[in-house]
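Numbering (the working numbering), first residue to last: 1431 to 1681.
All C-beta atoms in this analysis are idealised placements derived from N, C-alpha and C, irrespective of residue type, glycine included.
Step one of this worksheet: look at the structure below.
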C-alpha cells in the first residue's frame, strides 16, 4: 500500500501508511537505508519518489513547524539532498541541494549551536543557501565526522559496509571537555579571537593553537562558548578528549 494511493484530503485518516512512511523516512534520514522490503533494484526509485511522497504527506497533515513530523521530514530531505544533490521548493521545482541546520547537527552528532557557531566564525567549510546550507559543503563537513552514517542503499545486501576503524589515522589533539559535553574547538573564535580564562582574568588569543596551549597549562581550563540560545558564557573543563586534528579543524 502506498501513501500516494490516498488523496491529500484523506491523509489524516491514512493512519498506518502515513506512520509507515514517517518511520521509513526517519530511518533513511539517520542511517541512509531504504525499507527492508524494498528490493535492491527498486531502491533508486524509492529514493527518487520519496520527496514527492513527503510533499504529499505534509500537504495533507499540515504538521506543526519544528514539530516531530516536520523534523523527520526535513531530516529525510536533507539526506536526499546529500545523496542526490538536489532539493525541491514549495512548488516542487528542483533546486540545488539544501541541508537544514537541525538535520546537519543530528547527522554530525553535534548541537545546533555548534553548527551556528561554525557559520558565524566564517572559518569552516559550511556555506549558507536560503534558510539552510549547501548540500555540497555539508557533505564535505560530514566526511570528518565519525558520528555520521554514510548512505548504504546504493550497495547490494551482500556487500557489507566497511566498519569504521577504532584507531585514529590522523594526528591526535587533546582538547578540554566541559561538564555539558561540549569541548574547545576552532569554531569558538568570536571576532577572530578566542576568550579563555576565569571571569575577571580572561585574555584573548588570536589563534586556536595558542589558546589550546594556554588551556592545557591551566589547573582548570576555562573558555567562552555560546550556549543553545547563542549567549556566550564561560565553561570549565572537567575532562580531556582525544580528537583527530582534521576533524577538529573542520569545526
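Backbone CA spacing between residue i and residue j [nearest angstrom]
i: residue 1504; j: residue 1545; result: 16 Å
i: residue 1502; j: residue 1563; result: 17 Å
i: residue 1511; j: residue 1531; result: 13 Å
i: residue 1567; j: residue 1668; result: 33 Å
i: residue 1460; j: residue 1636; result: 37 Å
i: residue 1658; j: residue 1648; result: 26 Å
i: residue 1674; j: residue 1586; result: 31 Å
i: residue 1521; j: residue 1462; result: 26 Å
i: residue 1623; j: residue 1482; result: 45 Å
i: residue 1665; j: residue 1565; result: 32 Å
i: residue 1641; j: residue 1651; result: 10 Å
i: residue 1465; j: residue 1454; result: 6 Å
i: residue 1662; j: residue 1603; result: 24 Å
i: residue 1632; j: residue 1656; result: 16 Å
i: residue 1441; j: residue 1515; result: In this predicted model, residue 1441 has a pLDDT of only 42, less than 50, meaning its place in the structure is not dependable; the value taken from the coordinates is given anyway. Distance between the alpha carbons of residue 1441 and residue 1515: 29 Å.
i: residue 1606; j: residue 1557; result: 28 Å
i: residue 1611; j: residue 1471; result: 43 Å
i: residue 1639; j: residue 1601; result: 14 Å
i: residue 1493; j: residue 1671; result: 40 Å
i: residue 1619; j: residue 1550; result: 9 Å
i: residue 1573; j: residue 1536; result: 14 Å
i: residue 1486; j: residue 1475; result: 17 Å
i: residue 1506; j: residue 1467; result: 18 Å
i: residue 1495; j: residue 1484; result: 15 Å
i: residue 1653; j: residue 1580; result: 33 Å
i: residue 1626; j: residue 1480; result: 47 Å
i: residue 1448; j: residue 1497; result: 16 Å
i: residue 1677; j: residue 1575; result: 7 Å
i: residue 1446; j: residue 1524; result: 29 Å
i: residue 1488; j: residue 1519; result: 13 Å
i: residue 1643; j: residue 1679; result: 15 Å
Check whether residue i and residue j have beta carbons under 9 Å apart
i: residue 1547; j: residue 1490; result: no
i: residue 1571; j: residue 1513; result: no
i: residue 1559; j: residue 1526; result: yes
i: residue 1517; j: residue 1534; result: no
i: residue 1543; j: residue 1578; result: no
i: residue 1452; j: residue 1499; result: yes
i: residue 1529; j: residue 1681; result: no
DSSP beta-bridge partners of residue i
i: residue 1656; result: 1662
i: residue 1604; result: 1672
i: residue 1577; result: The partner list for residue 1577 (beta bridge, DSSP) is empty, contrary to what the question assumes.
i: residue 1517; result: 1525
i: residue 1559; result: 1562
i: residue 1634; result: 1625
Coil, strand or helix - residue i by DSSP
i: residue 1550; result: helix
i: residue 1646; result: helix
i: residue 1447; result: helix
i: residue 1509; result: helix
i: residue 1623; result: strand
i: residue 1566; result: helix
i: residue 1434; result: Low local confidence applies: a pLDDT of 36 at residue 1434 is under 50, so the model's placement there is unreliable, and no value is given.
i: residue 1614; result: coil
i: residue 1667; result: strand
i: residue 1545; result: helix
i: residue 1680; result: coil
i: residue 1464; result: coil
i: residue 1453; result: helix
i: residue 1497; result: coil
i: residue 1472; result: helix
i: residue 1532; result: helix
i: residue 1478; result: helix
i: residue 1609; result: coil
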